[in-house]
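Sequential numbering from 1 applies to the sequence shown in UniProt numbering. Positions of the beta carbon are idealized from the N, C-alpha and C atoms, including for glycine. As the structure is a prediction and not an experimental result, all values here were calculated from the model.
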Amino acid sequence: MLKGFGIICVVVAHVIVLDQDFDSLTVRLIYMFHMPLFFFLSGYLSSLRINYWQFFIEKSAQFLIPYFIYLLTIFFIVRFTGTSNQGMSRLVLGGGYLTGYLGVFWFVPCLFLTQQFCNLILTKFNTSGIVLIGIICLLISYVNDWYFDEMIFPYGVNVVLAAVPVYCFGNLYRKFGTEWNQMLIVIIAVAGICLTVYGFPNYYNMKVAFYGIPFVTFLSGLAIIAALLFFVFKFPSSALLSAFGKASLVIMYLHQGLQIALRDHGYADPNLRIAVALLLPILFYLAANQWSISRALLLGSLSDQKSFLGKIYKPVSIKRDKEQVGM
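See the structure below:
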């Protein structure tokens with residue numbers, strides 16, 4: 001449900017940004033938490049592996065096979081139709097080098113690298129060591145924001161520094177979150193929202209390594225996520241949000257191209273673009289879910305990839321191997 005809520009926020013924000021840049025309060029409020037939410041949930045749901053090579057193989061197949069298929073397909077479509085002139089070198093470099101139709105593709109390699117690094121530190125260090133490494137990564141990410149903000153790094157490797165503490169926080173929250181004061185979390189979240197409403201730059205733009213007010217944006221964003229987490233446990237389950245959550249990776253890959261294409265062809269209504277950018281990828285997801293090969297190549301299905309890749313890909317244990325990758 002939270003992944004579904006998060007991907008809806010992503011689509012809404014991108015539609016508004018395309019029209020108004022960051023002038024909209026709605027965008028700034030969404031950018032307080034929407035991308036950190038996915039790193040947090042990935043850490044919260046992570047299954048740690050001590051076989052690091054096997055973990056690398058699993059996640060490479062699960063994330064990078066769909067990534068390159070969608071990336072190359074969209075790249076050649078927009079090049080063939082003349083709607084974009086991005087060169088092949090940008091595809092090779094990825095991350096912040098990708099713009100327009102492909103701009104959202106920075107996220108998956110960044111998440112992949114974050115998972116690999118966090119799996120290592122979460123299995124090698126105790127809680128104190130994990131917190132220390134998270135703080136160090138956070139501090140270096142601020143240095144990047146302050147002094148190297150105009151530098152573009154291949155595959156968004158610099159953004160990993162900001163993602164690591166969020167990912168680790170998600171993992172630690174699963175272990176210790178019930179012991180934390182929920183009212184304090186809500187107060188921090190509300191205070192952070194007030195700062196944003198009153199015009200302070202209290203939001204993330206992770207792709208370009210903008211991390212808002214040092215420590216304040218980090219804490220208020222995590223507080224919003226934690227509040228959402230314990231609120232969602234109190235609500236009845238939503239089949240609609242869950243459906244968006246399951247299809248979140250497909251929506252992420254396809255929504256930006258769809259809404260840009262609609263706008264460029266005269267369909268400027270933001271509500272129409274939001275609806276199309278959410279519903280068409282859902283239909284594509286449902287269609288791709290019908291066949292083993294499309295589940296393996298387009299949805300990152302672990303069990304279907306296992307059947308195709310054979311001995312190269314032998315997961316140590318897969319508890320949810322019918323599930324596809326979500327953002």
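Assumed close pair residue i, residue j - CB separation to whole angstroms, cut-off 8 angstroms
i      : j      : result
Tyr204 : Gly192 : 12 angstroms between Cβ atoms; not a contact.
Val292 : Ser307 : Checking the sequence shown, residue 292 turns out to be Ser, not Val. Contact flag correct, Cβ pair sits at about 7 angstroms.
Leu298 : Pro66  : 6 angstroms
Phe40  : Phe169 : 6 angstroms
Gly43  : Ala243 : That belief does not hold up - the Cβ atoms of Gly43 and Ala243 are roughly 23 angstroms apart, past 8 angstroms.
Met1   : Val250 : Contact flag wrong, Cβ pair sits at about 17 angstroms.
Leu161 : Cys137 : 5 angstroms
Arg263 : Leu18  : 6 angstroms
Val104 : Gln256 : 5 angstroms
Buried versus exposed call for residue i [16 or more other C-beta atoms within 10 Å across all chains shown]
i      : result
Gly94  : buried
Lys246 : buried
Ser47  : exposed
Leu98  : buried
Leu229 : buried
Phe107 : buried
Pro36  : buried
Val316 : In this prediction, Val316 scores a pLDDT of 47, lower than 50, which makes its location untrustworthy; no coordinate-derived value is stated.
Ala209 : buried
Leu254 : buried
Leu45  : exposed
Lys322 : For Lys322, the predicted structure reports a pLDDT of 40, less than 50, and the residue's modelled location is therefore unreliable. A value from the coordinates is still provided. Burial call: exposed.
Gly214 : Note that residue 214 corresponds to Pro in the displayed sequence, not to Gly. Pro214 is exposed by the Cβ-count criterion.
Met88  : exposed
Val197 : exposed
Asn144 : buried
Thr178 : exposed
Between the CA atoms of residue j and residue i - distance to the nearest angstrom
i      : j      : result
Asn171 : Thr123 : 12 angstroms
Cys194 : Glu150 : 29 angstroms
Gly212 : Leu219 : 11 angstroms
Leu280 : Val15  : 15 angstroms
Phe153 : Val159 : 9 angstroms
Tyr147 : Leu139 : 12 angstroms
Leu302 : Ala296 : 7 angstroms
Asn51  : Gly266 : 52 angstroms
Phe112 : Ser60  : 8 angstroms
Phe63  : Gly300 : 6 angstroms
Leu25  : Gln305 : 42 angstroms
Asn181 : Gln115 : 28 angstroms
Lys207 : Val12  : 17 angstroms
Limits of the unbroken alpha helix (DSSP H) element including residue i
i      : result
Arg273 : Pro270 to Ala288
Gly255 : The question names Gly, but residue 255 in the sequence shown is His. Residues Ser248 to Asp264.
Trp146 : Thr127 to Tyr147
Trp53  : Tyr52 to Lys59
Asp19  : Leu2 to Gln20
Ser220 : Val216 to Val232
Thr73  : Ile65 to Thr81
Val197 : Gln182 to Val197
Phe169 : Val157 to Phe176
Asn119 : Phe107 to Lys124
Thr26  : Leu25 to Ile30
Met88  : Met88 to Leu93
Pro236 : Where Pro236 is concerned, there is no enclosing alpha helix (DSSP H), given that its DSSP letter is neither H nor E.
Tyr44  : His34 to Tyr44
Arg295 : Ser292 to Leu298
Any non-hydrogen atom of the ligand ATP within 8 angstroms of residue i CB
i     : result
Arg49 : The ligand ATP is absent from the structure shown, which contains no ligands of any kind.
Practice problem: Say whether the stretch 92-111 touches the stretch 50-58, bearing in mind that this needs 3 or more beta-carbon pairs closer than 8 angstroms, one atom from each stretch. | Solution: These segments do not touch.
Exercise. Check whether the stretch 180-191 touches the stretch 114-129, taking contact to mean three or more Cβ pairs, one atom from each stretch, closer than 8 angstroms.
Key: Not touching, per the Cβ criterion.
Quiz item: Are the stretch 206-224 and the stretch 31-43 touching, with three or more C-beta to C-beta distances below 8 angstroms?
Solution: The stretch 206-224 and the stretch 31-43 touch, with no fewer than 3 CB-CB distances between them shorter than 8 angstroms.
Quiz prompt | Given 8 angstroms, three or more beta-carbon pairs between the stretch 265-276 and the stretch 232-241 | solution = With contact defined as three or more Cβ pairs closer than 8 angstroms, the stretch 265-276 and the stretch 232-241 are not in contact.
Exercise. Please confirm if the stretch 131-141 is in contact with the stretch 153-166, defined as three or more CB-CB distances below 8 angstroms between the two stretches.
Key: Yes: the two stretches touch, three or more of their Cβ pairs being nearer than 8 angstroms.
Quiz item: Any chance the stretch 111-122 sits against the stretch 69-76, with 3 or more Cβ pairs inside 8 angstroms?
Solution: Because the criterion of three Cβ pairs below 8 angstroms is not met, the stretch 111-122 and the stretch 69-76 do not touch.
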